[in-house]
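Chemist:
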Amino acid sequence: MDTSQQQRPGGPRVADTARPRTRGTDRSLTRRAELIAIGRKLFADTSYDALSMDDIARQAHVAKGLIYYYFESKRGYYLAIIEDAVAGLVARAGSDTDLPGRTRLERTIDGYLRYAEHNQAAYRTIISGGVGFDSEVHALLGGVREAIVDTIAEGAYGRRDIPRVARLALLGWQWSVEGVTLDWIDRADPSRDEVRELLVRLLGSTLRTIEELEPSCPAPPPPVTDGPAPPVPGARTG
4 MDTSQQQRPG GPRVADTARP RTRGTDRSLT RRAELIAIGR KLFADTSYDA
54 LSMDDIARQA HVAKGLIYYY FESKRGYYLA IIEDAVAGLV ARAGSDTDLP
104 GRTRLERTID GYLRYAEHNQ AAYRTIISGG VGFDSEVHAL LGGVREAIVD
154 TIAEGAYGRR DIPRVARLAL LGWQWSVEGV TLDWIDRADP SRDEVRELLV
204 RLLGSTLRTI EELEPSCPAP PPPVTDGPAP PVPGARTG
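One rule links them: number in this note's numbering = place in the sequence shown (from 1) + 3.
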(Lines of atoms letter the chains of each structure in order from A and count residues from 1; the text may use other names and numbers.)
(Lines give C-alpha, C1' and ligand atoms only; values in the text may rest on other atoms or scores of the structure.)
Protein backbone atom coordinates (compact mmCIF):
# COMPACT_ATOMS: atom_id res chain seq x y z
CA MET A 1 0.00 0.00 0.00
CA ASP A 2 1.27 3.44 -0.90
CA THR A 3 2.28 5.22 2.28
CA SER A 4 4.24 7.99 0.63
CA GLN A 5 1.48 10.55 1.16
CA GLN A 6 1.76 12.51 4.36
CA GLN A 7 -0.97 13.14 6.91
CA ARG A 8 -2.63 16.48 6.99
CA PRO A 9 -1.15 18.77 9.66
CA GLY A 10 -2.40 17.70 13.06
CA GLY A 11 -3.72 14.41 11.70
CA PRO A 12 -7.21 13.60 10.40
CA ARG A 13 -10.10 14.58 12.64
CA VAL A 14 -13.34 12.66 12.86
CA ALA A 15 -15.29 15.88 12.60
CA ASP A 16 -13.71 16.46 9.19
CA THR A 17 -14.70 13.08 7.76
CA ALA A 18 -16.98 12.26 4.86
CA ARG A 19 -16.03 15.31 2.81
CA PRO A 20 -17.24 14.57 -0.71
CA ARG A 21 -15.30 15.76 -3.70
CA THR A 22 -17.86 18.22 -5.00
CA ARG A 23 -18.79 17.63 -8.63
CA GLY A 24 -21.56 20.19 -8.81
CA THR A 25 -24.77 18.14 -8.90
CA ASP A 26 -26.89 16.17 -6.49
CA ARG A 27 -26.76 13.29 -8.94
CA SER A 28 -22.96 13.23 -8.74
CA LEU A 29 -23.03 13.20 -4.94
CA THR A 30 -25.59 10.40 -5.02
CA ARG A 31 -23.44 8.39 -7.41
CA ARG A 32 -20.41 8.92 -5.18
CA ALA A 33 -22.36 7.72 -2.16
CA GLU A 34 -23.45 4.63 -4.09
CA LEU A 35 -19.83 3.80 -4.92
CA ILE A 36 -18.86 4.21 -1.27
CA ALA A 37 -21.65 1.83 -0.23
CA ILE A 38 -20.40 -0.75 -2.74
CA GLY A 39 -16.84 -0.27 -1.54
CA ARG A 40 -17.79 -0.91 2.08
CA LYS A 41 -18.88 -4.42 1.16
CA LEU A 42 -15.91 -5.10 -1.12
CA PHE A 43 -13.26 -4.04 1.39
CA ALA A 44 -15.03 -5.72 4.29
CA ASP A 45 -14.88 -9.09 2.50
CA THR A 46 -11.49 -8.74 0.78
CA SER A 47 -8.22 -7.16 1.88
CA TYR A 48 -7.06 -3.91 0.36
CA ASP A 49 -4.05 -5.44 -1.38
CA ALA A 50 -6.10 -8.29 -2.85
CA LEU A 51 -8.41 -5.92 -4.75
CA SER A 52 -7.21 -4.24 -7.94
CA MET A 53 -9.02 -1.32 -9.52
CA ASP A 54 -10.12 -3.70 -12.28
CA ASP A 55 -11.60 -6.02 -9.64
CA ILE A 56 -13.40 -3.13 -7.98
CA ALA A 57 -14.83 -1.81 -11.25
CA ARG A 58 -15.97 -5.28 -12.32
CA GLN A 59 -17.69 -6.07 -9.03
CA ALA A 60 -19.23 -2.59 -8.84
CA HIS A 61 -20.42 -2.90 -12.48
CA VAL A 62 -18.97 0.48 -13.39
CA ALA A 63 -16.19 1.74 -15.64
CA LYS A 64 -12.84 2.00 -13.87
CA GLY A 65 -12.58 5.60 -15.00
CA LEU A 66 -15.64 6.51 -12.92
CA ILE A 67 -13.87 5.46 -9.73
CA TYR A 68 -10.81 7.51 -10.71
CA TYR A 69 -13.10 10.43 -11.50
CA TYR A 70 -14.53 10.57 -8.00
CA PHE A 71 -11.63 9.28 -5.90
CA GLU A 72 -8.44 9.66 -8.01
CA SER A 73 -6.93 6.35 -6.84
CA LYS A 74 -7.67 3.09 -5.04
CA ARG A 75 -6.23 4.57 -1.87
CA GLY A 76 -8.43 7.65 -2.25
CA TYR A 77 -11.44 5.38 -2.70
CA TYR A 78 -10.58 3.36 0.40
CA LEU A 79 -10.00 6.45 2.53
CA ALA A 80 -13.35 7.89 1.43
CA ILE A 81 -15.04 4.66 2.51
CA ILE A 82 -13.31 4.71 5.89
CA GLU A 83 -14.10 8.40 6.47
CA ASP A 84 -17.78 7.90 5.59
CA ALA A 85 -18.10 4.87 7.88
CA VAL A 86 -16.30 6.61 10.75
CA ALA A 87 -18.61 9.63 10.49
CA GLY A 88 -21.66 7.36 10.65
CA LEU A 89 -20.40 5.41 13.64
CA VAL A 90 -19.41 8.46 15.67
CA ALA A 91 -22.67 10.25 14.89
CA ARG A 92 -24.70 7.24 16.01
CA ALA A 93 -22.73 6.59 19.17
CA GLY A 94 -22.52 10.25 20.17
CA SER A 95 -26.22 11.09 20.00
CA ASP A 96 -28.58 11.73 22.93
CA THR A 97 -26.30 14.37 24.45
CA ASP A 98 -29.15 15.89 26.51
CA LEU A 99 -29.69 12.75 28.59
CA PRO A 100 -28.46 12.21 32.18
CA GLY A 101 -24.94 10.80 32.40
CA ARG A 102 -25.67 7.13 33.16
CA THR A 103 -28.50 6.94 30.64
CA ARG A 104 -26.27 8.59 28.08
CA LEU A 105 -23.53 6.01 28.67
CA GLU A 106 -25.98 3.18 28.08
CA ARG A 107 -27.42 4.86 24.98
CA THR A 108 -23.93 5.45 23.62
CA ILE A 109 -23.09 1.75 23.90
CA ASP A 110 -26.46 0.76 22.46
CA GLY A 111 -26.00 3.16 19.54
CA TYR A 112 -22.54 1.74 18.87
CA LEU A 113 -23.87 -1.83 18.82
CA ARG A 114 -26.84 -0.89 16.65
CA TYR A 115 -24.52 0.70 14.12
CA ALA A 116 -22.31 -2.39 14.02
CA GLU A 117 -25.31 -4.70 13.75
CA HIS A 118 -26.98 -2.83 10.90
CA ASN A 119 -23.79 -1.73 9.08
CA GLN A 120 -21.65 -4.83 9.46
CA ALA A 121 -19.55 -4.33 6.33
CA ALA A 122 -18.82 -0.73 7.28
CA TYR A 123 -17.95 -1.69 10.85
CA ARG A 124 -15.56 -4.43 9.76
CA THR A 125 -13.96 -2.01 7.33
CA ILE A 126 -13.39 0.52 10.12
CA ILE A 127 -11.97 -1.94 12.64
CA SER A 128 -10.23 -4.61 10.58
CA GLY A 129 -10.02 -3.69 6.93
CA GLY A 130 -6.81 -5.67 6.55
CA VAL A 131 -4.94 -2.97 4.65
CA GLY A 132 -1.60 -3.16 6.44
CA PHE A 133 0.00 -0.08 7.93
CA ASP A 134 -1.12 3.26 6.56
CA SER A 135 -0.68 6.34 8.68
CA GLU A 136 -3.89 8.05 7.59
CA VAL A 137 -6.07 4.95 7.95
CA HIS A 138 -4.67 4.32 11.41
CA ALA A 139 -5.17 7.97 12.34
CA LEU A 140 -8.83 7.73 11.30
CA LEU A 141 -9.31 4.64 13.46
CA GLY A 142 -7.53 6.41 16.31
CA GLY A 143 -9.87 9.34 15.79
CA VAL A 144 -12.99 7.24 16.18
CA ARG A 145 -11.60 5.67 19.37
CA GLU A 146 -10.83 9.09 20.81
CA ALA A 147 -14.31 10.33 19.88
CA ILE A 148 -15.97 7.39 21.65
CA VAL A 149 -13.76 7.88 24.72
CA ASP A 150 -14.65 11.60 24.74
CA THR A 151 -18.34 10.71 24.62
CA ILE A 152 -17.98 8.24 27.49
CA ALA A 153 -15.93 10.72 29.55
CA GLU A 154 -18.50 13.45 29.05
CA GLY A 155 -21.30 11.11 30.10
CA ALA A 156 -19.41 9.83 33.15
CA TYR A 157 -17.67 13.00 34.34
CA GLY A 158 -19.37 15.86 32.52
CA ARG A 159 -16.13 16.77 30.76
CA ARG A 160 -13.75 15.46 28.12
CA ASP A 161 -10.54 16.76 29.61
CA ILE A 162 -9.66 13.90 31.95
CA PRO A 163 -6.36 12.68 33.48
CA ARG A 164 -4.15 10.46 31.37
CA VAL A 165 -4.69 7.36 33.50
CA ALA A 166 -8.46 7.71 33.10
CA ARG A 167 -8.16 8.09 29.34
CA LEU A 168 -5.88 5.06 29.08
CA ALA A 169 -8.39 2.97 31.04
CA LEU A 170 -11.26 4.07 28.80
CA LEU A 171 -9.18 3.38 25.68
CA GLY A 172 -8.51 -0.12 27.01
CA TRP A 173 -12.24 -0.61 27.49
CA GLN A 174 -12.87 0.66 23.95
CA TRP A 175 -10.42 -1.88 22.52
CA SER A 176 -12.32 -4.64 24.31
CA VAL A 177 -15.59 -3.28 22.90
CA GLU A 178 -14.21 -3.61 19.37
CA GLY A 179 -13.17 -7.22 19.90
CA VAL A 180 -16.47 -8.18 21.51
CA THR A 181 -18.47 -6.42 18.80
CA LEU A 182 -16.59 -8.03 15.92
CA ASP A 183 -17.12 -11.49 17.37
CA TRP A 184 -20.77 -10.75 18.15
CA ILE A 185 -21.74 -9.61 14.63
CA ASP A 186 -20.02 -12.68 13.18
CA ARG A 187 -22.07 -15.04 15.37
CA ALA A 188 -25.27 -13.02 15.95
CA ASP A 189 -25.37 -14.41 19.48
CA PRO A 190 -26.22 -13.45 22.20
CA SER A 191 -28.83 -10.73 21.75
CA ARG A 192 -27.87 -7.07 21.43
CA ASP A 193 -29.46 -6.38 24.82
CA GLU A 194 -27.23 -8.97 26.47
CA VAL A 195 -24.11 -7.64 24.78
CA ARG A 196 -25.02 -4.10 25.79
CA GLU A 197 -25.49 -5.20 29.39
CA LEU A 198 -22.12 -6.96 29.31
CA LEU A 199 -20.34 -3.87 27.98
CA VAL A 200 -22.16 -1.56 30.41
CA ARG A 201 -21.02 -3.69 33.34
CA LEU A 202 -17.47 -3.85 32.02
CA LEU A 203 -17.54 -0.07 31.72
CA GLY A 204 -18.82 0.21 35.29
CA SER A 205 -15.88 -1.86 36.51
CA THR A 206 -13.51 0.33 34.49
CA LEU A 207 -14.99 3.53 35.94
CA ARG A 208 -14.67 2.20 39.48
CA THR A 209 -11.04 1.27 38.84
CA ILE A 210 -10.41 4.77 37.49
CA GLU A 211 -11.89 6.25 40.67
CA GLU A 212 -9.52 4.17 42.80
CA LEU A 213 -6.49 5.39 40.82
CA GLU A 214 -7.70 8.92 40.14
CA PRO A 215 -10.08 10.28 42.83
CA SER A 216 -10.75 13.39 40.72
CA CYS A 217 -12.78 11.09 38.43
CA PRO A 218 -15.49 9.58 40.66
CA ALA A 219 -17.56 6.83 39.10
CA PRO A 220 -21.23 7.69 38.46
CA PRO A 221 -23.49 6.34 41.24
CA PRO A 222 -25.26 3.07 40.52
CA PRO A 223 -28.90 3.32 39.47
CA VAL A 224 -31.45 3.38 42.28
CA THR A 225 -33.54 0.21 42.43
CA ASP A 226 -36.19 -1.16 44.77
CA GLY A 227 -34.39 -4.48 45.17
CA PRO A 228 -31.27 -6.39 44.15
CA ALA A 229 -29.85 -5.73 40.71
CA PRO A 230 -31.45 -7.93 38.04
CA PRO A 231 -29.29 -10.78 36.73
CA VAL A 232 -27.60 -10.54 33.36
CA PRO A 233 -30.02 -11.97 30.79
CA GLY A 234 -29.16 -15.61 30.13
CA ALA A 235 -26.76 -15.85 33.07
CA ARG A 236 -26.82 -18.89 35.33
CA THR A 237 -28.21 -18.42 38.81
CA GLY A 238 -27.98 -20.48 41.98
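We put the beta carbon where it would ideally sit given N, CA and C, even for glycine.
What is the DSSP secondary structure of VAL65, counted as helix, strand or coil?
Modeler: VAL65 falls in the coil class under three-state DSSP.
Chemist: When you compare the region 172-184 with the region 206-225, are there three or more beta-carbon pairs, one atom per stretch, that lie closer than 8 Å?
Modeler: Contact holds: three or more Cβ-Cβ distances are below 8 Å.
Chemist: Taking the alpha helix (DSSP H) that GLY253 belongs to, which residues open and close that run?
Modeler: With the chain running from 4 to 241 in the structure shown, residue 253 is simply not present.
Chemist: Can you find a heavy atom of the ligand HEM that lies under 7 Å from the Cβ of THR154?
Modeler: Ligands displayed in this structure: none; no statement on the ligand HEM is therefore possible.
Chemist: What is the DSSP secondary structure of ALA191, counted as helix, strand or coil?
Modeler: ALA191: coil per DSSP, three-state reduction.
Chemist: Mind listing, in chain order, the continuous alpha helix (DSSP H) runs of no fewer than 4 residues lying wholly within the region 175-225?
Modeler: Qualifying alpha helix (DSSP H) stretches, in chain order: 195-216.
Chemist: Cα separation between GLY91 and ILE59?
Modeler: Between GLY91 and ILE59, the C-alpha separation is close to 23 Å.
Chemist: Please check the pair ILE151 and GLN177, which I expect to be a contact at CB under 8 Å, by giving their CB distance rounded to whole angstroms.
Modeler: Going by Cβ atoms, the distance from ILE151 to GLN177 rounds to 6 Å, so yes, they are a contact pair.
Chemist: Measure the Cβ-Cβ separation of LEU206 and VAL183 and say whether it is below 8 Å.
Modeler: In this structure, VAL183 does not lie closer than 8 Å to LEU206 by Cβ.
Chemist: Using the Cα positions of SER31 and GLU181, report the straight-line distance between them to the nearest angstrom.
Modeler: The alpha-carbon atoms of SER31 and GLU181 are separated by roughly 34 Å.
Chemist: Does DSSP classify TYR247 as helix, strand or coil?
Modeler: There is no way to answer for residue 247, as the model of the chain reaches only from 4 to 241.
Chemist: Identify, in the order they occur along the chain, each residue of the same chain with its Cβ nearer than 7 Å to the Cβ of ALA83, setting aside the five sequence neighbours on each side.
Modeler: Here the set comprises ILE39 and PHE74.
Chemist: Nearest to GLY42 by CA position, among ALA125, ASP113, LEU116 and ALA53, is which residue?
Modeler: Nearest of ALA125, ASP113, LEU116 and ALA53 to GLY42, Cα basis: ALA125.
Chemist: Quick check on the burial criterion: 16 or more other C-beta atoms within 10 angstroms. Buried or exposed for VAL168?
Modeler: Classification of VAL168: exposed, given that the 10 Å Cβ count is below 16.
Chemist: In whole angstroms, what separates the C-alpha of GLY146 from that of ILE155?
Modeler: Looking at the two C-alpha atoms, the distance is approximately 14 Å.
Chemist: May I ask you to report which of helix, strand or coil DSSP gives THR33?
Modeler: DSSP places THR33 in helix when its eight states are reduced to three.
Chemist: Kindly give me the distance between the Cβ atoms of THR128 and PHE46, rounded to whole angstroms, as I take these residues to be in contact under 8 Å.
Modeler: Contact holds; Cβ gap of about 5 Å.
Chemist: So, using beta-carbon positions, are ALA222 and ARG211 closer together than 8 Å?
Modeler: Yes; because the gap between Cβ atoms is below 8 Å, this pair is in contact.
Chemist: Report the residue from VAL140, ARG34 and ALA94 whose alpha carbon sits nearest the alpha carbon of ASP153.
Modeler: Considering only alpha carbons, the answer is ALA94.
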